[in-house]
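J.: Attaching a single structure in structure tokens format; questions to follow.
Put into structure tokens, the structure is as follows:
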């Protein structure tokens, strides 16, 4: 015969033996022999481990049995050992592993529906009535009914869990689940809560995007709000460990899950619009700036020669006037549009740069003469690369309807002058905070650069004569305009945690947390 068949045949026998021992334990408890009753309940629970009533009775009497000092003679103990006849088997490695396995706290399986409860009498009878209606069984602490408490209880249209909580509040009691169908009812005192409420440990994973400062603030907030005693977090695995009574750990776990929820994300559309225009106007009389000297002969001088120069009896001619009237207008314009998109997470900065890196000389060896030794070492020059163009640093904060952004904008370009061969960089910086609705355009910054040059060229002295001076000068006007506009529009692609209402959570008061039933 196989081992399974032997165990199947032996199970009814062990169950009957455990029931007899349990009844003997009840008699001992009624007689006031707490220690003997505890031993009998423990033996019954060992013989029938599937019966939660035996285990609950043993756990209920254990604190009282520890306090009672045995002063009886050895004879009752020997007779008790003979009557029980314990048969302890050897403990295997599998039994030890099963005993050490971490299990979740028991959850009550209550009957669904809503009921009316109307009762007047002792508190123990009230809990028995509610337990019978909800399909569970209630056990009471040995000190619970001393002295008996009478209550009047009226509750309409409530479910079983709400009725149990209402009975706790009406009688000043505390309910600790022992299994899915069994609860222990004790007086609601700090000592009873510490002794009877189970302790649990929970590991809550957090997103890797959170920083150490965020985790520290979350841990402090949860500890202050829920009063949980043991809270630690690991930066290597991004996990938060909670350990305390169930009534504190469960609200702390739910609060952490809400605080470390993934942040909302947005796509920021950026547009850089640059408009450039240039006007060049030149007008006036342009005199010649070159002179031709040629031999004109002696006998037939021409009237076109304005100046005659006699050198050694020979005649030369100089062309002195070759002027022209100038009236020129040049106009040009250009438009540059840069369209870019940046994805960002709420609360974290994102950087965007449009431009190029320009090498700027920082140090250079200058020296050496012809008399220097041939092959002497000359250190190479040092450069640093400067970002030219537009640099944006955006830190968004996504809420229900608005997107708030901290913007740091910087615009750098090469200047027109330099010092010792090192160019001067022009820098323009803009810092602001704006709030936009979703899919709304906004002009976050603009830059206008206008340059005007007026140049007058002509014959010195003659160009300053009123009215007649226009016959001896030319005037140039040049105007350059540059307009840069930065536009921005946010698109929300990830809903932030605050856009949805957090589920309600009943936690009770600081001194009387809500029992986890």
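Numbering (my numbering), first residue to last: -18 to 498. Just so you know, even glycine gets a beta-carbon here, dropped at the ideal spot from N, CA and C. What you are looking at is a predicted structure, and each value in this text was computed from that prediction instead of being measured.
#1: Nearest-angstrom Cα distance between residue 248 and residue 254?
#2: Taking 8 Å as the limit between beta carbons, can you name the residues of its chain near residue 370, skipping five residues before and five after?
#3: Would the segment 186 to 204 and the segment 140 to 154 be scored as touching if the rule is three or more Cβ pairs under 8 Å?
#4: Going by C-alpha to C-alpha distance, which of 111, 138 and 105 sits closest to residue 129?
#5: Considering only residues of the segment 188 to 225, which uninterrupted beta strand (DSSP E) runs meet the minimum length of 3 residues and lie entirely inside it, listed in chain order?
#6: Mind checking whether residue 25 and residue 46 have CB atoms under 9 Å apart?
#7: Check residue 143 in the structure and name its three-state DSSP category.
#8: Tell me which residues share the same chain as residue 157 and place their Cβ nearer than 6 Å to its Cβ, disregarding the 5 neighbours each side in the sequence.
#9: Assign residue 427 to one of three DSSP states: helix, strand, or coil.
#10: Measuring CB atoms only, is the segment 117 to 126 touching the segment 468 to 477, in the sense that at least three cross pairs come out at less than 8 Å?
#11: Using DSSP with H/G/I as helix, E/B as strand and the rest coil, what is residue 177?
#12: Span of the alpha helix (DSSP H) holding residue 25?
#13: Mapping DSSP to helix, strand and coil, what is residue 294?
#14: Using the Cα positions of residue 12 and residue 159, report the straight-line distance between them to the nearest angstrom.
#15: Which one of 107, 451, 136 and 322 has the shortest CA to CA distance from residue 154?
#16: Can you tell me the Cα-Cα spacing of residue 69 and residue 32, whole angstroms?
#17: Closer than 7 Å by C-beta to residue 132: which residues in its own chain qualify, once you throw out the five before and the five after it? Chain order, please.
#18: Sort 262, 447 and 362 by Cα distance to residue 402 and report the nearest one.
#19: Please classify residue 432 as buried or exposed, where buried requires at least 16 other C-beta atoms within 10 Å of its C-beta.
#20: Nearest to residue 195 by alpha carbon, out of 211, 216 and 29?
#21: Leaving out five residues before and five after residue 416 in sequence, what residues of the same chain have Cβ atoms less than 6 Å from its Cβ?
#22: Quick check on residue 5: buried or exposed, where buried means 16 or more other Cβ atoms within 10 Å of its Cβ?
#23: Does residue 54 pass the burial test, meaning 16 or more other C-beta atoms within 10 Å, or should it be called exposed?
#24: Please classify residue 446: is it buried, with 16 or more other beta-carbons within 10 angstroms of its beta-carbon, or exposed?
#25: Tell me the DSSP secondary structure of residue 286 in three-state form.
#26: Over what stretch of residues does the beta strand (DSSP E) that includes residue 470 continue unbroken?
#27: So what does residue 324 bridge to, in DSSP terms?
#28: Determine the DSSP secondary structure at residue 6, reduced to helix, strand or coil.
#29: Starting from residue 155 and walking both ways along the beta strand (DSSP E), at which residues does that stretch end?
#30: Buried or exposed, going by whether 16 or more other CB atoms sit within 10 Å of the CB of residue 455?
#31: Alpha carbons only, please: which of 464, 414, 90 and 207 is nearest the one belonging to residue 430?
#32: When you measure from the CB of residue 470 to every non-hydrogen atom of the ligand ADP, does any distance come out below 8 Å?
#33: Can you have a look at residue 214 and say buried or exposed, based on whether 16 or more other CB atoms are within 10 angstroms of its CB?
#34: How big is the Cα-Cα spacing for residue 238 and residue 185?
#35: If distances are taken between C-alpha atoms only, which option among 381, 414 and 396 comes closest to residue 387?
#36: Given a threshold of 16 other Cβ atoms within 10 Å of its Cβ, counted over all protein chains shown, does residue 187 qualify as buried or as exposed?
T.: Concretely, from the data shown:
#1: 19 Å
#2: 334, 335, 336, 337, 392, 393 and 394
#3: no
#4: 105
#5: 211 to 215
#6: no
#7: helix
#8: 165, 177 and 178
#9: strand
#10: no
#11: helix
#12: 15 to 28
#13: Residue placement at residue 294 is flagged as unreliable, the pLDDT there being 48, under the threshold of 50; the coordinate-derived value follows with that caveat. Of the three classes helix, strand and coil, the one that applies to residue 294 here is coil, per DSSP.
#14: 26 Å
#15: 107
#16: Caution is warranted here: a pLDDT of 42 is assigned to residue 69, below 50, making its placement in the model unreliable, and no coordinate value can be reported.
#17: 104, 107, 151 and 152
#18: 362
#19: exposed
#20: 216
#21: 383 and 385
#22: buried
#23: Legend: pLDDT at residue 54 = 37, less than 50; position of this residue unreliable, value from coordinates given subsequently. Residue 54 is exposed by the Cβ-count criterion.
#24: exposed
#25: Because the pLDDT at residue 286 is just 45, under 50, the model does not fix this residue reliably, and the point stays unresolved.
#26: 454 to 473
#27: 248
#28: helix
#29: 154 to 158
#30: buried
#31: 464
#32: Here there are no bound small molecules, and the ligand ADP is not part of this structure.
#33: buried
#34: 8 Å
#35: 414
#36: buried
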